[in-house]
Amino acid sequence: MSSLRRPRAGMPGAAVVVLATFAVASLLASCGATDIPTPRRTVTVTVDAPSTAPAGTPAATPTQVPTSTPTSTDVPTALAVGRLRGAPSSFAEAKARLDAARPAASVGDRFRSPSGNIVCRRSADPATAACEVAKGRVDPPLPTICPASGPQDIGRVELSARGALPVCNSDTIGTGGEPELGYGSRTPPSGTVSCLSETVGVTCIDEASRHGFFLARDTFRTF
42 MSSLRRPRAG
52 MPGAAVVVLA
62 TFAVASLLAS
72 CGATDIPTPR
82 RTVTVTVDAP
92 STAPAGTPAA
102 TPTQVPTSTP
112 TSTDVPTALA
122 VGRLRGAPSS
132 FAEAKARLDA
142 ARPAASVGDR
152 FRSPSGNIVC
162 RRSADPATAA
172 CEVAKGRVDP
182 PLPTICPASG
192 PQDIGRVELS
202 ARGALPVCNS
212 DTIGTGGEPE
222 LGYGSRTPPS
232 GTVSCLSETV
242 GVTCIDEASR
252 HGFFLARDTF
262 RTF
């Protein structure tokens, strides 16, 4: 008796192809392979339009008030630089200090401060005075004071009938043998010019022109 062979389990070939195609499509869909790429987001940058103001128009900043105003194009007689430690603010104040000071009989037309940092000279005819510092020169308060060809800082102040003038000096009026004018003392009369030595600095005035100056390390004032 012959035995019958059991048919092989399976499905028709066409059905297998259909199922395989469906499976592949499902897998691709789950992985997003069929998604259409999203366009990149556009970013717009706004740039301010150029200013319509004429070229060279300054920006709106607080106005700076000059620390001093010269009374002449040649000789500025109202300048102030530095901390002005104890400096007189006017001719009247300076004269009051000199009137209250004791005269120094041993001092002539040349003298120095007790520290030796300031040396001065004065003259009766014409009425002049000049003082300079050895240390503590200062920058000019006006760009026109120092000539371009010389020193660019102020070391001396000179007084004449026209007023007090800061000088960007390269020379010196010192000789090394000036007598000391003690603190609280003033020079004896020499025409209309006199000077006062104080711990804060030296003040000189001309009573005829009513001009004067104060000079110390790192500071001066003219009036």
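For the sequence shown, my numbering gives the first residue as 42, with consecutive numbering after it. Beta carbons: idealized from backbone N, C-alpha and C, even for Gly. All values reported here derive from a predicted model rather than from experimental measurement.
- The beta carbon of E199 is closer than 6 Å to those of A171, L206, V208 in its chain, skipping five residues each way along the sequence.
- Between the alpha carbons of R124 and T260 lies a distance of about 6 Å.
- DSSP places R126 in no alpha helix (DSSP H); its state is neither H nor E.
- For R227, the CB contacts under 8 Å within the same chain, skipping 5 residues up- and downstream, are L139, A142, R143, P144, A145, S235, C236, L237, S238 in chain order.
- In the displayed model, A146 falls within coil according to three-state DSSP, outside both helix and strand.
- L120 is the residue among A168, F254, L120 whose C-alpha sits nearest the C-alpha of P181.
- Restricting attention to V148, A257, R153, the CA atom closest to the CA of T216 is found in R153.
- D194 carries a coil assignment under DSSP once its states are collapsed to helix, strand and coil.
- A Cβ-Cβ contact shorter than 8 Å links P229 with V148.
- By DSSP's assignment, S250 forms no beta bridge with any residue.
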